[in-house]
Each structure stands twice: as structure tokens, then as C-alpha cells.
Amino acid sequence: MANHTRKIGATLLTATMLLASVPTLAQADSLNATPDSLGNPKPTEIGLYHQQHAQMLGDALGPEQIYSNGIHAQEFTGGLVTWSPRTGVQALTGGPEVEAFKTAGGAEKLGALESGAWFSDYCGWSVTSFNYSTRWMVVVDPQTQAASSLDLNSAEAQQWMRDRTSTASCFPDNAPGDEAETPTGPKTEFTVDEALQLERDAMWGSSDGYQAWPTGHLSPLGDRFLVETGIGQQSFVYDLQTGKSAWMDNRVYNEFVKDTDRFGEIAYSLGIGGGRGGLMHNYVGTFFTDQYGGEAEAYGLLSASVRYYPSNGGEIVIDNEPVTEPTDPATVDWSQAEYLKYPGALYYQDGESALIIAANPDGTPVEGATAYRSDWIGYQMTRVAFYSSNSAYSWAYGSIMGGGPTEETALGLPVADSQLVEEDGVEYYVQDFQGGTIKIEKQNRLAERDETFGEITYNDWGRAWLGNQ
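Quick note on numbering: the sequence shown equals residues -28 to -1, 1 to 441 in mature numbering (1 follows the signal peptide of the UniProt record, and there is no 0).
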């Protein structure tokens, strides 16, 4: 029988598809009863979950929220419920546990829950969450170190995972405390008022954006600048010398404070997006008058890098992306991995790649199963834009339009590690699965999205799977 081959790639929703799939967001207090095409009330995913678990969750304590990272969340008397296209609906119950998660930053910072609370031998009851930028582990156990959190993609997390079996201890307790506010030095109300007035033209975007005004609690940066940090994903900078102000993406700001002259003199800033969808659909650009006398631009890139465009042309990338060593599959704590229904696998994000192992429906690895590394899946899964899809997303979660099976799910489980090959000067990842083989072009590590095309060649197992759908 001839091989069945199909070209695949990223699927971006059209405006029509989006309007058909995304509830109308008229007012925050109506989110749990959004109208369908006929105007009849239709519950959101969280609203539907509440209907099915009303006795456990109790009454709502407020309306459903949509945060800047695209995460939906709502608190009830019996727990906290979150939703995202990637994680689905998940609930955390128990008053102390919910308070611990909120104290650590809540869904606005930490993202959507990946499951309910689970017991860690090192930290006690904990949860993991995903905010479309990174995965977090949060301790919610009031008997250990509640509200402490760890970025699971950080170097600190990798070090802790290597050391914990020998130390038998949790990561350092970094739960927010009631620290006294440190005086930041003199500043005048006139300066603050002037900064706020100048900010009027540099606001995040439209009235539905999540960006806030500066509070006026500005702190000196050297002798020339007043700054306010920690405002969402941006910082506010006011130039005392020129009287100009601008927003800066925190990644740009972190470079700016190293050398306040490196980009030029602050001119203004512009925001893109209405607040929903995280960094893929919302960002701020800061404009400077550079050494050439023209207008330069700076934007955040990936997790910590900066893209800078000087006025004389070209692009300068300041690469601050962490480079980590691959994790030994034998050391992976699979209780922290995500269970994927369609391939029946546990998925562990390991830097730019992923480790995948066959799993039971209860989320435990199949006895004797081998974990395989997939570079194309790991790379693409960190570069899926809000309300869009690519081949890895479809393999893991099915169709973005309702979660049904796709042709990518016919690949099944990997049966070998991915391999890097070169053909005619182009590098490709090739990987064998139960249902066939994928060949997909390797992309630049500094790309923010992956819309590459690949080729799947199905074997008998894959063709049989496709024939049964």
C-alpha cells in the first residue's frame, strides 16, 4: 500500500472562525452567561463547570476574570477555577490552598492550573500552572511553605530538581511577606503629576486594555529618571531632563537600566493589543532618539531578550535566552508532567524540547515505558499564539475548534528520539511515531512563533487510525 502523506503547518483562525468560537465579552459581570448566536444565555467553560460541580464549588465570589495572559479565572466559596485553551478547566479547592495560590500571584501572574493539588514528597501539597510564558510550581500546603513558587523553566528549578533527592527538601521558601516599604528618596507631586499628564499619549492602548496608569509611587533611577516597575509586563520611565515619559517592556527595561544611554533618548511608546492573549498579541514598543538623530525602536523578545531597530537601519538582537542542559529522563518527576489524552502520554517541557512517555489514564507512566525526546514538539509548544494552532498543538490537544481528533493525533506516541538531519543545506527534525514519521524544518531559536510546514508519512497503524475516524 502506498504511503499516505500530508503537508502540515500552523493553523491560524480567521476572524470569522474567531467570532464563531469566542464568547462575546460585553461586560465582566455577564461572562458566565454569554449570548450565543441567537442571543440566548450560554455559559463559559468555567460557568459550565460550575453548573456541574455546584455543590462542591458553592456560590461565586465575583465575576469571571480574563487576565492579560489570556487566562480565565473565577473564585467560588469552595475553590478557584481556571481555564485556558491549553489546560482546559481545572479547580483548586480548600480555603488555605486557594489563598496560598492567590498570595503567590494567582492566575494573573502564574497562569491556569494544570490540575488540582497533588502531593510532593519534598514540598507537600502543590499545584502547577502555565501562563503561556512559563510553567510554575506553587506550594499550597499550609503545613509547609505555602505561597512559595518556582519557575519550572528557570536555572534555579533545574538545580533544585538535580539536588532534591539528596537534600530531600523543597526549593527555597520565597512566599511574599509583609515587608516594610523602603523609602525611595525625594520626589515631588509636581513631577508625578507632570509624568501622568505626559503619559496620556503613551497609554497601553484602548479602554479595554489591562495596562494601568502609573500610581505616582515613582522611584529615582540615577539622577535623571523616575521609574515605576511591576505594572503588569511593563515599567514606566520618566525623564526628568527632557520631561518625556514612556512605557518599556520589562525585558527592554532590564537592558535599559544596565546603560540608560544605550538605546538613545526616550521619545514615546505605543501599545499594541487590548489586553487578552498574553505577549503574543499584546506588546509595547518604546521609541528613542538615537545617536544618529533618528527614531529607534525597542521591543521585548521571548523570555528575556530584546529586539532593537536603530534609525540607520538593521536589527540588533540582544540575546539573553537561557541555555539549559537536557534533563536526564531518569531524573524526571513525572508527577509534574501534563497528561495528554489523545496520545495517552505524559508531557514534560524541557527547555526548548520535550520528554514524552506513555501514560495510564490516571496520569502515571506505563510500567516499563521509555521516555523519548521530541525537539519539534517541545519547540512548537512554546510558540503557540493565543487562539491559534500548529502541528504540535494539534498532536497534543486535537482541534482548536472544539478539541476533536486531528490528523496529527494519528501519529500516536513517539517510538524514538527526534533526529536532526540536513538536506541541501536545510536542517530538519525527523521523528518516528506509532503512526508514522514526521519531517519538519528546524527554526531559529529566537523566533517568537512557529508556523513551519512539515511532512507526515503515515504507516499502516496511522492509516488505520485515520480510517476509523
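Heads up, the beta-carbon is just placed ideally off N, CA and C, and yes, glycines get one too.
| Query | Result |
| --- | --- |
| Hey, would you say residue 298 sits closer than 9 Å to residue 325, going by beta carbons? | yes |
| Are the CB atoms of residue 75 and residue 129 nearer to each other than 9 Å? | no |
| From residue 65 to residue 29, what distance separates their C-alpha atoms? | 8 Å |
| With respect to the beta strand (DSSP E) encompassing residue 289, which residues constitute its N-terminal and C-terminal limits? | 288 to 290 |
| Excluding five sequence neighbours on each side, which residues of the same chain lie with their C-beta closer than 8 Å to the C-beta of residue 377? | 314, 370, 371 and 441 |
| Is the beta carbon of residue 385 less than 9 Å from the beta carbon of residue 328? | yes |
| How is the alpha helix (DSSP H) around residue 432 delimited, first residue to last? | 432 to 439 |
| For the region 389 to 408 against the region 342 to 350, do three or more pairs of beta-carbon atoms, one drawn from each stretch, fall closer than 8 Å, so that the two count as touching? | yes |
| Given a threshold of 16 other Cβ atoms within 10 Å of its Cβ, counted over all protein chains shown, does residue 172 qualify as buried or as exposed? | In this predicted model, residue 172 has a pLDDT of only 41, less than 50, meaning its place in the structure is not dependable enough to derive any value. |
| Compare the C-alpha of residue 287 against each of 356, 273 and 109 and name the closest. | 273 |
| Please state whether DSSP places residue 356 in a helix, a strand or coil. | coil |
| On the DSSP letters alone, give me the boundaries of the beta strand (DSSP E) that residue 45 sits inside. | 44 to 48 |
| Below 8 Å on the Cβ atoms is my contact criterion, and I expect residue 318 with residue 302 to pass it. Report the Cβ-Cβ distance as a whole number of Å. | With 8 Å as the limit, residue 318 and residue 302 do not qualify as a contact, their Cβ atoms being about 14 Å apart. |
| Tell me where the beta strand (DSSP E) around residue 192 begins and ends. | 191 to 193 |
| Identify the continuous alpha helix (DSSP H) that holds residue 224 and give its terminal residues. | 222 to 228 |
| Residues in its own chain within less than 7 Å of residue 169 by CB, not counting five upstream and five downstream? | Here residue 169 scores only 44 on pLDDT, less than 50, and its place in the model should not be relied on; the value that follows carries that caveat. Correct list: empty, nothing qualifies. |
| If you draw a straight line from the alpha carbon of residue 277 to that of residue 227, how long is it in whole angstroms? | 9 Å |
| Report the rounded CA-to-CA distance for residue 334 versus residue 399, giving the unit in angstroms. | 38 Å |
| Only counting the same chain, and skipping five residues up and downstream in sequence, which positions put a Cβ closer than 7 Å to that of residue 206? | 183, 219, 220, 221, 222 and 256 |
| Just verifying my parser: in three-state terms, what is the DSSP assignment at residue 21? | helix |
| At the level of alpha carbons, what is the spacing between residue 71 and residue 78? | 9 Å |
| Does DSSP put residue 162 in a helix, in a strand, or in coil? | Confidence is the limiting factor: at residue 162 the pLDDT is only 34, short of 50, which leaves the residue's position unreliable, though a coordinate-based value still follows. Residue state, collapsed to three classes: helix. |
| Pull the bridge partners of residue 282 from the DSSP assignment, please. | Per DSSP, none; premise fails for residue 282. |
| Taking CB distances under 9 Å as the criterion, tell me whether residue 18 reaches chain C. | Annotation note: the requested chain C is absent from the structure, which comprises a single protein chain. |
| By how many angstroms is the C-alpha of residue 290 removed from the C-alpha of residue 279? | 6 Å |
| May I ask whether a heavy atom of the ligand COA can be found less than 8 Å away from the beta carbon of residue 87? | This structure simply doesn't include the ligand COA, nor any ligand for that matter. |
| Find the nearest neighbour of residue 193 within the set 230, 224 and 364, judged by alpha-carbon distance. | 230 |
| In whole angstroms, give me the CA-to-CA distance for residue 361 and residue 395. | 27 Å |
| Does the beta-carbon of residue 416 have 16 or more other beta-carbons within 10 angstroms, so that it is buried, or is it exposed? | exposed |
| DSSP beta-bridge partners for residue 344? | 328 |
| Pull up the distance between the alpha-carbon of residue 389 and that of residue 123, whole angstroms please. | 26 Å |
| Please state whether DSSP places residue 403 in a helix, a strand or coil. | strand |
| Going by beta carbon distance, what residues of the same chain come within less than 6 Å of residue 266, once the five residues before and after it are set aside? | 283 |
| Can you name the start and end residues of the alpha helix (DSSP H) that residue 320 belongs to? | Taken as a continuous stretch (DSSP letters only), residue 320 belongs to no alpha helix (DSSP H), being part of the beta strand (DSSP E) at 317 to 322. |
| Assign residue 5 to one of three DSSP states: helix, strand, or coil. | In this prediction, residue 5 scores a pLDDT of 44, lower than 50, which makes its location untrustworthy; no coordinate-derived value is stated. |
| Can you check DSSP and say which residues form a bridge with residue 391? | 402 |
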